[in-house]
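Undergrad:
Residue numbers (the UniProt record's numbering): 1 to 85.
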């Protein structure tokens, strides 16, 4: 008697994976309300911004911002857009 071990395949999945499989390709909320918040915000005039320095100077500023003046602290690393001090 020869046993075929590959005849039956047992897949163990949890409930979250089943739920994800049922909702494949769906997004949260309807697309009819996609621009609701943007339409509600008041229109503001564009502000004048300082011109970025070109070339080597800009690279130097990036380096200083990322590595030299960065404060080493415990916990999660802060992103470049973080407003916390």
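Backbone N, C-alpha and C define an ideal beta-carbon position, used for all residues, glycine too.
Helix, strand or coil, according to DSSP, for residue 57 in the structure here?
TA: Working through the chain shown from its first residue, we reach residue 57 at position 57. The answer is helix: DSSP assigns residue 57 an H, G or I state.
Undergrad: DSSP on residue 36, reduced to helix/strand/coil?
TA: Within the chain shown, residue 36 is the residue found at index 36, counting from 1. Reduced to three states, the DSSP call for residue 36 is helix.
Undergrad: Report yes if the CB atom of residue 89 is closer than 9 Å to the CB atom of residue 80, and no otherwise.
TA: The first residue shown for the chain is 1 and the last is 85, placing residue 89 beyond what the model contains.
Undergrad: So, with DSSP's three-state summary, where would you put residue 81?
TA: For the purposes of this step, residue 81 is taken as the residue at position 81 of the chain shown. Note: residue 81 maps to coil in three-state DSSP.
Undergrad: Do residue 58 and residue 49 come within 9 Å of each other at the CB atom, strictly closer than that value?
TA: Here residue 49 refers to the residue found at position 49 when the chain shown is read from its first residue. Here residue 58 refers to the residue found at position 58 when the chain shown is read from its first residue. No; because the gap between Cβ atoms is not below 9 Å, this pair is not in contact.
Undergrad: Rounded to the nearest angstrom, what separates residue 37 and residue 46 at their Cα positions?
TA: Translated into the one-based positions of the chain shown, residue 37 becomes position 37. Translated into the one-based positions of the chain shown, residue 46 becomes position 46. Between residue 37 and residue 46, the C-alpha separation is close to 19 Å.
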